[in-house]
Structure formats: structure tokens, C-alpha cells
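Engineer:
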Amino acid sequence: PTLKFHSDAVIALTGAKTSADLDGQAVEFWQPIHVKAGQILTLGQTEDGCRSYMAVRNGLDVPEYLGSRSTFSLGHFGGHAGRTLKAGDLLKMVSESNTDMPVAIQEPQGLDETFIPSYSRHWKIGVLSGPHGAPDFFKEDYIQEFFASEWKVHFNSNRFFLVCDKMNPN
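In this note's numbering, the protein residues as written are 2 to 171.
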């Protein structure tokens, strides 16, 4: 995306690395970036991994839904109009003057290099069983096999829609 800021902001880029520049000057991931009104942030394709994130100090002023301000676009709720962003959308940032939410009080700091994740081709992740993991749906043996297996997860997967293939160890 290419994003124009209409007010000053402090942001941080995280997740999968991309090319990133602010008015043509390269910016670093995992560090606070002080943006002035009128500046333009340009992000490229991910180099390794599937998603990059932009954190905005104090957050975005969008409706809260089910305890979150994130968007579930398939369900058409949350975030900005319950949909993915489109060219021309304007998002209002939270500031001390336009919210009753808690706002940041400390100076932003970069993340220590030892805490920056390394994205490799194989990950071990924690998985919690949801309501369909109940014995009404699956036998206990099947649940054990599911959690003991290796999986290849598709980049379009999310917490509501999982697309994956069981890896064949042969």
C-alpha cells in the first residue's frame, strides 16, 4: 500500500519484511517511525512470510466489535466499515483529544534485536481446540492424530477460515 498521513503519527512496521520508505527514505522495521502530516509511506511485497503489520500509536478510531477493533471482512464487521481498505479510505487515528480510551504515555522504543522473530519455512505453533474439537464431532483418537501431525497452512488462512494440507512424511 501507499499511505498518506494527514496528521502527525508514530508508527512501527512489524511482521514479514517488505521494502518500506517514507517520502523516498528507507525506514526500519521494529522501530518507532515518527511521521509528519503530509508524508507518504510506501510498502512493497513481503520478502519472507505472508503478512506485515503497521502499528499506530494509540490505535485507529474505528468501532469496537466483540472486544476488538480489528476487521473480519468475511463477516462484514469490525474495523473500517467491516471491509478491507480501499483506495481513498480515510482512517482517523486515536489521540488524547478524541478518545476516552487509554493512550500511550511513555516514549516509543524500538524492539531489542533479541526479541525480533526470525521467519523460517517451518514453524512450531500453539493450537487451541475450539468448539468443534468436542467428542460430539471427533473421536479422541482423531483429535490426538490432528495435533500430532505436521500441516502446511495456506497463506489465505486465518482464525475463522483454515486452509491446510496434512504433510505426507513419505
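Beta carbons: idealized from backbone N, C-alpha and C, even for Gly.
Name the DSSP bridge partner or partners of A10?
Structural biologist: In DSSP, A10 forms a bridge with V36.
Engineer: Give me, in chain order, the residues of the same chain whose beta-carbon lies closer than 8 angstroms to that of A17; leave out the 5 immediate sequence neighbours on both sides.
Structural biologist: Same-chain partners within the cutoff: T47, E48, D49, G50, C51, R52, S53, Y120.
Engineer: Is P170 helix, strand or coil when you go by DSSP?
Structural biologist: With a pLDDT of 49 at P170, under the threshold of 50, the modelled position of this residue cannot be trusted, and the question is left open.
Engineer: For K5, which residues of its own chain have a beta-carbon under 7 angstroms away from its beta-carbon, when the five flanking residues on both sides are left out?
Structural biologist: I41
Engineer: Give the secondary structure of T115 by DSSP, where H, G and I count as helix, E and B as strand, and everything else as coil.
Structural biologist: helix
Engineer: When burial is assigned at 16 or more other CB atoms within 10 Å of the CB, is G45 buried or exposed?
Structural biologist: Exposed.
Engineer: Beta-carbon of L75 versus every beta-carbon of chain D: anything under 8 angstroms?
Structural biologist: Checking the listed chains, one finds no chain D in this structure; it contains a single protein chain.
Engineer: Could you tell me whether the Cβ atoms of V95 and G60 are closer together than 8 angstroms?
Structural biologist: yes
Engineer: Measure the alpha-carbon distance for K37 versus F156 and round it to whole angstroms.
Structural biologist: 33 angstroms
Engineer: Since R84 and S74 should fall inside the 8 angstroms C-beta cutoff, what is the C-beta to C-beta distance between them, to a whole number of angstroms?
Structural biologist: With a Cβ gap of about 5 angstroms, R84 and S74 count as contacting.
Engineer: Identify the continuous alpha helix (DSSP H) that holds Q145 and give its terminal residues.
Structural biologist: 141 to 149
Engineer: Are the beta-carbon atoms belonging to D22 and T3 less than 8 angstroms from one another?
Structural biologist: no
Engineer: Is DSSP giving V95 helix, strand or coil here?
Structural biologist: coil
Engineer: Which class does F78 belong to by DSSP, given the choice of helix, strand or coil?
Structural biologist: strand
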